[in-house]
Amino acid sequence: MTISDNLFLRRYNRDKPPTAQCSEDNFENIMEILESTPGCQTLFAIHNAVLVEFASRQNINTKFQALTKHIYDYWKSRRNRPIQPTLKFEDHPDNDDDPYVCFRCDDVDQTSTRDIQVRDGLRKLRVQLEDRRELFEWRVRNEDSKRLILCIDRSIFKEQSRRRG
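Here the sequence shown is numbered in the numbering used here, starting from 83 and rising by one per residue.
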C-alpha cells in the first residue's frame, strides 16, 4: 500500500461503522484484482482501454461488492500509476537522459556500433599478428637453412683441406 492508498482507506473508514469498514488486506485484495484484470484479459490490455468497467468485475467476492464501488472509483482516478512496478521503456528516442530506462532502441544506443568497431579492430589485429607469426616462422626457417648450408660448406672446406694437405 502506498501513502495515498493508506490516506484513502483512512478517509473511507472514518465515517463507517466497524462492520462496514474495509481492512487493509481486503483493500489490497480488491486493488490487486483491479490491477491484474487488464493483464489477464486481453480486451483490457489494449493501450487505451486499461480501465476495467465496474459491471465487468464479476470475479470480486460478493462480500466485497459494497466496498468495491468506492475502491474502484479511487483506483480509476489513480490508474495512470500502476500498483505493481513496471519496467520503463524509452518513449522518445531524442531524450536519453533518464537513467531508469531499462531498454533503449538499438539505433539510438551507440554501444552496438561501438561493439562492431571493437570487433573489427580485434579482427584486424589478429590478422596482423598471424602475418607477423608467419613472417617470423619463415625467417627462422631461412636462418636454419643458412646455418645448415654454412655447416655443409664448412665440412666440405675441411674435407678438401685435409685431402690437399
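Just so it is clear, CB atoms sit at the ideal spot from N, CA and C, and this is done for glycine as well.
- Query: Hey, how far is the Cα of R93 from the Cα of S118?
  - Reply: Position 11 of the sequence shown, counting from 1, holds the residue named residue 93. Position 36 of the sequence shown, counting from 1, holds the residue named residue 118. Note on geometry: alpha-carbon atoms of R93 and S118 lie some 25 Å from one another.
- Message: Which runs of the alpha helix (DSSP H) at least 4 residues long sit entirely within the region 90-124? Give them in chain order.
- Response: 106-122
- Item | Burial state of C104 (16 or more Cβ within 10 Å) | Walking along the sequence shown from the start, residue 104 turns up at place 22. With 16 or more Cβ atoms within 10 Å of its Cβ, C104 is classed as buried.
- Query: Is L91 buried or exposed, if buried means 16 or more other CB atoms sit within 10 Å of its CB?
  - Reply: One-based indexing of the sequence shown puts residue 91 at position 9. Buried, since its Cβ has 16 or more Cβ neighbours within 10 Å.
- Query: Nearest CA to the CA of Y156: which residue from C233, L207, L89?
  - Reply: Position 74 of the sequence shown holds residue 156. Answer by Cα proximity: L89.
- Task: Have a look at E106, A102, N95 and flag the residue whose alpha-carbon is nearest the alpha-carbon of T84.
- Result: What you label residue 84 is simply residue 2 of the sequence shown in a count that begins at 1. Answer by Cα proximity: E106.
- Count the other CB atoms within 10 Å of the CB of I198; is the residue buried (16 or more) or exposed (fewer)? As a working note, residue 198 is residue 116 in the sequence shown. I198 should be labelled exposed.
- Task: Give a yes or no on whether the C-beta atoms belonging to R205 and S86 are separated by under 8 Å.
- Result: Translated into positions along the sequence shown, residue 205 becomes position 123. Translated into positions along the sequence shown, residue 86 becomes position 4. The answer is no: Cβ separation not under 8 Å.
- Task: Indicate the three-state DSSP secondary structure (helix, strand or coil) for G247 in the structure shown.
- Result: Against the sequence shown, residue 247 aligns to sequence position 165. It is coil, neither helix nor strand.
- Drop a sphere of 10 angstroms on the beta-carbon of I115, count the other beta-carbons inside from all chains shown, and report buried for 16 or more, exposed for fewer. Residue 115 sits at position 33 when you count from the first residue of the sequence shown. Under this definition I115 is a buried residue.
- DSSP three-state call for T150: helix, strand or coil? Along the sequence shown, read from residue 1 onward, the residue named residue 150 stands at position 68. If DSSP states are grouped into helix, strand and coil, T150 belongs with the helices.
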